[in-house]
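Colleague: So in UniProt numbering, spot 224 of the sequence shown is number 224, and the numbers just go up one at a time.
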Amino acid sequence: MELLFTPEFWSALLAIVVIDLVLAGDNAIVIGMAARNLPANQQKKAIIWGTVGAIIIRALATLAVVWLLKIPGLLLVGGLILVWISLKLLVQEDNHENMKASGSLGAAIWTIIVADTVMGLDNVIAVAGAAHGEFLLVVIGLIISVPIMVWGSTLILKIMERFPVVIYIGSAVLAYTAASMVTSEKFLTPFFTAYPWVKWLFIVAIVVGVLLTGRMKSQKQKRLAEQS
Numbered sequence: 001m002e003l004l005f006t007p008e009f010w011s012a013l014l015a016i017v018v019i020d021l022v023l024a025g026d027n028a029i030v031i032g033m034a035a036r037n038l039p040a041n042q043q044k045k046a047i048i049w050g051t052v053g054a055i056i057i058r059a060l061a062t063l064a065v066v067w068l069l070k071i072p073g074l075l076l077v078g079g080l081i082l083v084w085i086s087l088k089l090l091v092q093e094d095n096h097e098n099m100k101a102s103g104s105l106g107a108a109i110w111t112i113i114v115a116d117t118v119m120g121l122d123n124v125i126a127v128a129g130a131a132h133g134e135f136l137l138v139v140i141g142l143i144i145s146v147p148i149m150v151w152g153s154t155l156i157l158k159i160m161e162r163f164p165v166v167i168y169i170g171s172a173v174l175a176y177t178a179a180s181m182v183t184s185e186k187f188l189t190p191f192f193t194a195y196p197w198v199k200w201l202f203i204v205a206i207v208v209g210v211l212l213t214g215r216m217k218s219q220k221q222k223r224l225a226e227q228s
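1. Go ahead and label Gly50 buried or exposed: buried means 16 or more other beta carbons lie within 10 angstroms of its beta carbon, across all protein chains shown.
2. Assign Lys70 to buried or exposed, taking buried as 16 or more other Cβ atoms, counted over all protein chains shown, within 10 Å of its Cβ.
3. How about Ala130 and Ile56: are their beta carbons less than 7 Å apart?
4. Could you tell me whether the Cβ atoms of Met181 and Gly106 are closer together than 7 Å?
5. What would DSSP say about Ile71, mapped onto helix, strand or coil?
6. Using the Cα positions of Leu75 and His132, report the straight-line distance between them to the nearest angstrom.
7. Please state whether DSSP places Lys186 in a helix, a strand or coil.
8. Hey, how far is the Cα of Leu38 from the Cα of Ile81?
9. Hey, would you say Val207 sits closer than 7 Å to Ala175, going by beta carbons?
10. Classify Lys44 as buried or exposed, calling it buried when 16 or more other Cβ atoms lie within 10 Å of its own Cβ.
11. Would the beta-carbon of Val165 fall within 7 Å of that of Ile159?
12. I think Leu89 touches Val22, with their Cβ atoms under 8 Å apart; what is that distance to the nearest whole Å?
13. Measuring only the C-alpha atoms, how far is Leu63 from Glu226?
14. Helix, strand or coil for Ser180 per DSSP?
15. Where Phe9 and Tyr195 are concerned, what is the direct C-alpha to C-alpha distance, given to the nearest angstrom?
16. Taking 7 Å as the limit between beta carbons, can you name the residues of its chain near Val66, skipping five residues before and five after?
17. If the criterion is Cβ atoms closer than 7 Å, does the pair Pro72 and Lys199 meet it?
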């Protein structure tokens, strides 16, 4: 119980909630597209049960990744993957053209579960990294984030479209989590402990580097879109 009263616990929990919310955009698209052909009275059922199924699978996957990240070397690998994910968040690529609407309740629920599971890999790695091996953090983070993702997914998308700074904040949190994962790797810890200024310089460099690179790529993408 002492863990609940530490600043590290609350900062990690905040990071998990932010990660869940900024990565919820794809989930909102999947849910909306899978359920849009259903009768109005079945759409809510498809959204609720599809999301419940997806969340159960995601929770189990996250707990598995939390355990796997304790294996030497995997924190480093997970951190590097998360750097790429934080960049991808800033340079959005719409790959939902092949997402088909389902005509039956069962098919819609299954579509939501499968698509969300496949697309939720970034969320699983990010949350596992932010949890620092604490299963309690994963569970509490899901309890807080899931209702918001289910009933507020459309609102989240609108907020991110209207206030792009939210996406940059989320990307910065992801980049910070990625850098923290790398510096927490067991065989690198002695070096960063001996030179704490190098640790913080590395973290700042990763966060700033991700934000600048993501912004430049995003602007280049917009220019190419305008020219075509």
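Yeah, the Cβ is synthetic: ideal placement off N, Cα and C, and Gly gets one too.
Modeller: This is what the structure holds:
1. Position 50 of the sequence shown holds residue 50. So Gly50 ends up on the buried side.
2. Numbered from 1 along the sequence shown, position 70 holds the residue referred to as residue 70. Looking at its Cβ environment, which holds fewer than 16 other Cβ atoms inside 10 Å, Lys70 is exposed.
3. Mapped onto the sequence shown, residue 130 falls at position 130. Mapped onto the sequence shown, residue 56 falls at position 56. Contact: no.
4. For this step, residue 181 is matched to residue 181 along the sequence shown. For this step, residue 106 is matched to residue 106 along the sequence shown. For Met181 and Gly106, no; Cβs fall outside 7 Å.
5. For this step, residue 71 is matched to residue 71 along the sequence shown. Ile71 falls in the coil class under three-state DSSP.
6. Sequence index remark: in the sequence shown, residue 75 carries index 75 (1-based). Sequence index remark: in the sequence shown, residue 132 carries index 132 (1-based). The alpha-carbon atoms of Leu75 and His132 are separated by roughly 10 Å.
7. As a first step, residue 186 is located in the sequence shown; it is residue number 186 there, counting from the start. Lys186 falls in the coil class under three-state DSSP.
8. Taking the sequence shown and counting its residues from 1, one reaches residue 38 at position 38. Taking the sequence shown and counting its residues from 1, one reaches residue 81 at position 81. Rounded to the nearest angstrom, the two C-alpha atoms are 37 Å apart.
9. Here residue 207 refers to the residue found at position 207 of the sequence shown. Here residue 175 refers to the residue found at position 175 of the sequence shown. Contact flag set, yes.
10. Residue 44 sits at position 44 when you count from the first residue of the sequence shown. Exposed, since its Cβ has fewer than 16 Cβ neighbours within 10 Å.
11. If you number the sequence shown from 1, residue 165 lands on position 165. If you number the sequence shown from 1, residue 159 lands on position 159. No; because the gap between Cβ atoms is not below 7 Å, this pair is not in contact.
12. To locate residue 89, count along the sequence shown from 1; it is residue 89. To locate residue 22, count along the sequence shown from 1; it is residue 22. Contact flag correct, Cβ pair sits at about 7 Å.
13. Translated into positions along the sequence shown, residue 63 becomes position 63. Translated into positions along the sequence shown, residue 226 becomes position 226. Computed Cα separation, rounded: 43 Å.
14. In the sequence shown, counting from the first residue as 1, residue 180 sits at position 180. Looking at Ser180 - three-state DSSP - the assignment turns out to be helix.
15. Taking the first residue of the sequence shown as 1, we reach residue 9 at position 9. Taking the first residue of the sequence shown as 1, we reach residue 195 at position 195. Distance between the alpha carbons of Phe9 and Tyr195: 24 Å.
16. Within the sequence shown, the letter at position 66 stands for residue 66. So the qualifying residues of the chain are Ala128, Ala131, Gly133, Phe135, Val138.
17. Mapped onto the sequence shown, residue 72 falls at position 72. Mapped onto the sequence shown, residue 199 falls at position 199. No, the Cβ-Cβ distance between Pro72 and Lys199 is not below 7 Å.
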